[in-house]
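For any residue, its number in this note's numbering is found by taking its place in the sequence shown, counting from 1, and adding 651.
Every residue gets a Cβ at the ideal spot worked out from N, C-alpha and C, and that includes glycine.
All remarks here apply to the structure that follows.
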Amino acid sequence: MDDTNPSDGRGGQPVTILAVRPHPDDESTSTGGMLAYYNARDVRTGVVICTGGEEGEIHDPDLDPVADRPRLGEIREREARDACAILGVAEFRMLGYRDSGMLDTPGNEHLAAFMNADRDEATGELVRIIRELRPSVIVTEPPGGMYPHPDHVMCYEISVEAFQAAGDAKAFPEAGQPWRAEKLYGIAQVDDGAWEALMPKFTAAGFDMSWAERSESNSRGPGPDTATVALDVRPYSEQQRQALLAHRTQVPPDSFLVSLPPELRRLAFATAYFVRLSPSSAPSEHELDLLEGLD
Numbered sequence: 652m653d654d655t656n657p658s659d660g661r662g663g664q665p666v667t668i669l670a671v672r673p674h675p676d677d678e679s680t681s682t683g684g685m686l687a688y689y690n691a692r693d694v695r696t697g698v699v700i701c702t703g704g705e706e707g708e709i710h711d712p713d714l715d716p717v718a719d720r721p722r723l724g725e726i727r728e729r730e731a732r733d734a735c736a737i738l739g740v741a742e743f744r745m746l747g748y749r750d751s752g753m754l755d756t757p758g759n760e761h762l763a764a765f766m767n768a769d770r771d772e773a774t775g776e777l778v779r780i781i782r783e784l785r786p787s788v789i790v791t792e793p794p795g796g797m798y799p800h801p802d803h804v805m806c807y808e809i810s811v812e813a814f815q816a817a818g819d820a821k822a823f824p825e826a827g828q829p830w831r832a833e834k835l836y837g838i839a840q841v842d843d844g845a846w847e848a849l850m851p852k853f854t855a856a857g858f859d860m861s862w863a864e865r866s867e868s869n870s871r872g873p874g875p876d877t878a879t880v881a882l883d884v885r886p887y888s889e890q891q892r893q894a895l896l897a898h899r900t901q902v903p904p905d906s907f908l909v910s911l912p913p914e915l916r917r918l919a920f921a922t923a924y925f926v927r928l929s930p931s932s933a934p935s936e937h938e939l940d941l942l943e944g945l946d
């Protein structure tokens with residue numbers, strides 16, 4: 652293994668924050684800024700990816716969309732490792748399931764798809780990783796997933812179950828010594844008004860924003876007051892961008908995610924929001940960061 656890449660073997664060193672995400676590239680989207688933020692503060696982080704992302708697209712011009720598809724899972728794992736190295740992630744694990752694909756697509760029928768996994772088996776494997784890496788904080792999907800993709804939903808469900816079971820000596824005794832993480836957070840998608848204010852600047856920079864306008868008209872997210880933690884991740888905008896670019900199969904160079912001018916990108920992706928799931932947060936409760944209240 653390349654020494655610049657995160658560790659992936661059993662017996663890894665403890666981490667303080669563990670992010671559990673459904674697919675390769677998810678670690679760099681909603682949690683990329685957060686991971687870089689804590690790395691800059693010498694906080695050890697880890698990432699668990701639940702699936703190989705085999706149902707994803709192939710945008711990499713150096714690959715053949717047909718000939719290289721059978722090894723897409725292998726390629727995407729390598730991309731995720733490279734992205735995690737850019738974000739300063741210390742420990743990287745694959746849970747080992749297959750991408751289920753979007754709801755009501757043929758990928759749902761695959762026997763190895765994450766959505767078809769034995770729930771106890773998947774939870775037990777995540778418990779093993781939690782007990783190995785001993786995080787104080789776990790970050791995962793929000794209830795119901797970031798959007799109604801079966802793998803996002805499943806990721807949330809087994810994260811909650813594993814968070815609770817990892818500290819129970821009677822649960823999964825074969826998975827190692829019990830370890831109780833202190834807090835569990837879900838990624839929070841909130842409408843802080845930033846994109847609405849920036850829309851004229853996006854358009855002036857030459858970006859077709861009709862897709863965002865359609866999304867806004869269909870559903871506006873909750874406001875910032877619904878999040879427990881709001882992290883200012885503007886200083887890590889370029890680091891997150893480089894991590895996204897490591898996902899060559901999924902993120903073409905002209906993608907809105909990576910092609911915004913630097914200042915616009917810092918403004919558009921300025922804040923990472925999280926809601927505390929356990930211990931449950933009170934309405935309008937706010938913390939300075941994910942580690943507030945911990946030693």
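Given a threshold of 16 other Cβ atoms within 10 Å of its Cβ, counted over all protein chains shown, does residue i qualify as buried or as exposed?
i: LYS821; result: exposed
i: GLN664; result: exposed
i: ALA855; result: exposed
i: GLY775; result: buried
i: ASP693; result: exposed
So who's on the other strand from residue i, going by DSSP bridges?
i: SER929; result: LEU835
i: ILE789; result: LEU669, LEU835
i: TYR627; result: Because the chain is modelled from 652 through 946, residue 627 falls outside the range shown and cannot be assessed.
What's the gap between the Cα of residue i and the Cα of residue j?
i: ILE668; j: TYR748; result: 22 Å
i: LEU945; j: PRO851; result: 42 Å
i: HIS761; j: ASN767; result: 8 Å
i: ASP876; j: PRO886; result: 23 Å
i: LEU784; j: SER861; result: 43 Å
i: GLU705; j: VAL717; result: 13 Å
i: GLN840; j: ALA670; result: 16 Å
Identify whether residue i lies in helix, strand or coil by the three-state DSSP scheme.
i: GLU907; result: Checking the sequence shown, residue 907 turns out to be Phe, not Glu. It is helical.
i: SER935; result: coil
i: GLY758; result: helix
i: VAL880; result: strand
i: VAL902; result: coil
i: GLY646; result: An answer regarding residue 646 cannot be provided, because it is not within the stretch 652 to 946 covered by the chain.
i: GLY684; result: helix
i: SER868; result: Residue confidence is low: SER868 scores 47 on pLDDT, short of 50, so the model does not pin down where it sits. Its coordinate-derived value is still stated next. Helix, per DSSP.
i: SER810; result: helix
i: PHE858; result: coil
*Assess, as a yes-or-no matter, whether the segment 929 to 939 is touched by the segment 670 to 686 under the definition of 3 or more beta carbon pairs within less than 8 Å.*
The segment 670 to 686 is not in contact with the segment 929 to 939.
*With a cut-off of 8 Å, do at least 3 Cβ pairs link the segment 730 to 743 to the segment 751 to 759?*
At 8 Å Cβ cutoff, the stretches do not touch.
*Looking at C-beta atoms only, is the number of pairs between the segment 803 to 811 and the segment 785 to 795 that lie closer than 8 Å three or more?*
Verdict: yes, contact present.
*Could you tell me whether the segment 718 to 731 touches the segment 912 to 928, where touching means 3 or more Cβ pairs closer than 8 Å?*
Too few Cβ pairs lie closer than 8 Å, so no.
_Any 3 or more C-beta pairs closer than 8 Å across the segment 876 to 890 and the segment 818 to 835_ = The segment 876 to 890 and the segment 818 to 835 do not touch, with fewer than 3 CB-CB distances between them shorter than 8 Å.
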